[in-house]
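Engineer: Residue numbering for the sequence shown is 4 to 326, as defined by the working numbering.
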Amino acid sequence: MITVNNRKLSVAPMLDWTDRHCRYFHRLISNEVLLYTEMVTCPAILRGEREKYIGFSPEEVPVALQLGGSEVKDLAACARIAEDMGYSEVNLNVGCPSDRVQKGRFGACLMKEPDLVADCYAAMQQTVQIPVTIKSRIGVDDQDSFEAFAAFIETIKKAGCETFIVHARKALLKGLSPKQNRKVPPINYEFPWQIKQHYPELTVVVNGEIDTVEKAQKQLENVDGIMIGRAFWNSPWLIREMHELLGMKQQTSSRDEVLLSYIDYCQAMLEQGLNLHWLIRPILGLYHGLPGNKKWKSHLVTESPRRPKDVSVIREAREFVTC
Ligand SMILES: Cc1cc2nc3c(=O)[nH]c(=O)nc-3n(C[C@H](O)[C@H](O)[C@H](O)COP(=O)(O)O)c2cc1C
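1. With 16 as the cutoff for other CB atoms within 10 Å, does PRO308 come out buried or exposed?
2. From the DSSP output, which residues share a beta bridge with ASN94?
3. Given that a residue counts as buried once 16 or more other Cβ atoms are within 10 Å of its Cβ, and exposed if not, what is GLY211?
4. At which residues does the alpha helix (DSSP H) containing THR158 begin and terminate?
5. Quick test of the definition: if touching needs 3 or more C-beta pairs under 8 Å, does the stretch 314-321 touch the stretch 253-269?
6. Could you name the residues that DSSP lists as bridge partners for SER13?
7. Could you tell me the distance, in whole angstroms, from the CA atom of LEU303 to the CA atom of ASP118?
8. Classify ASN8: buried if its beta carbon has 16 or more other beta carbons within 10 angstroms, exposed otherwise.
9. Find the nearest neighbour of ALA174 within the set LEU113, LYS160, HIS201, judged by alpha-carbon distance.
10. In this structure, how does DSSP classify GLN253 when only helix, strand and coil are distinguished?
11. By alpha-carbon positions, which one of VAL93, GLU54, ILE137, PRO181 ends up nearest to ILE5?
12. Would you call the stretch 294-302 in contact with the stretch 61-75, where contact means no fewer than 3 C-beta pairs closer than 8 Å?
13. Opposite VAL169 in the DSSP bridges: which residues?
14. Could you round the C-beta distance between ILE137 and PHE167 to whole angstroms and report it? I think they count as a contact, below 8 Å.
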């Protein structure tokens, strides 16, 4: 099996957020952070417009494709496509609690079917050389004891899985929106930490509410890696700070240099027919916490729909930031 070199730091899969433009931008900030696509369902890949759903730029590598599904054959077919396209990893979503996803019998409700997850894992891993990983919660509904979580991990481990990414809170399948399900059930890092203690041979990556360098350090005393979602979206430069903390390959480009490279990328995308308001979303938080940040954002948000083909909107917005 081919390995992914560095799992210490990754950007979480986030639907509508970590699209290919966002990932391209994050790669400019860190040359080593592991990137994940948004969740893409098997039917979208097998029967949809493949390039639209899972096309990516070679610059994004290492990048993992996150799949949503529970049809063993379809998942194996999608894993093959991912490997052929050059993805670095395939990840199975066992954490999304949305109604739509439950109706399709995938996402978090699969935590109740560890044998099926093990079959899905095995079918995918037998098909490809790149690693197949699982992103789960620590439990679901009243299946929330450590014993149940450990049994879930054990079942999939027996099928050969070596890497588990754990969003360290349970999901409630009824009564909470996906957004509430990322906030209301309490965080419990003890479960993934204990899994790492029980099975030191596994690679365990913790996800959920890690938003400072101090919290990241604490995690890395207990597990192999951290995955961060909302904090990186709100303040993408935090990726660089974490990158440096973790002693990854030194990178010297400044925020402004990263921005200039992204402007070149935007220009190329506009020429391919995209509109600016979609491309500015990942950079809104670039100057988070710095003087002029509010005006930077507001200029981008108001001007990009008015001048959807004019990349100078970004340069003008930069003028408001005084650093
Ligand atoms: C807008 C949004 C979309 C998300 N979409 C996905 C997804 O497609 N697949 C997935 O596994 N998790 C998804 N998540 C959950 C995140 O990957 C992550 O598990 C969660 O936000 C907790 O991490 P954080 O506290 O660092 O944000 C999403 C989260 C957000 C905020």
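No residue lacks a Cβ here, since even glycine has one placed at the ideal position from N, Cα and C.
Structural biologist: Concretely, from the data shown:
1. exposed
2. ASN94 pairs with GLN69, THR136.
3. buried
4. 149-161
5. yes
6. Its beta-bridge partners are LEU37, MET230.
7. 48 Å
8. exposed
9. The shortest Cα separation from ALA174 among LEU113, LYS160, HIS201 belongs to LEU113.
10. coil
11. VAL93
12. no
13. SER139, VAL209
14. 6 Å
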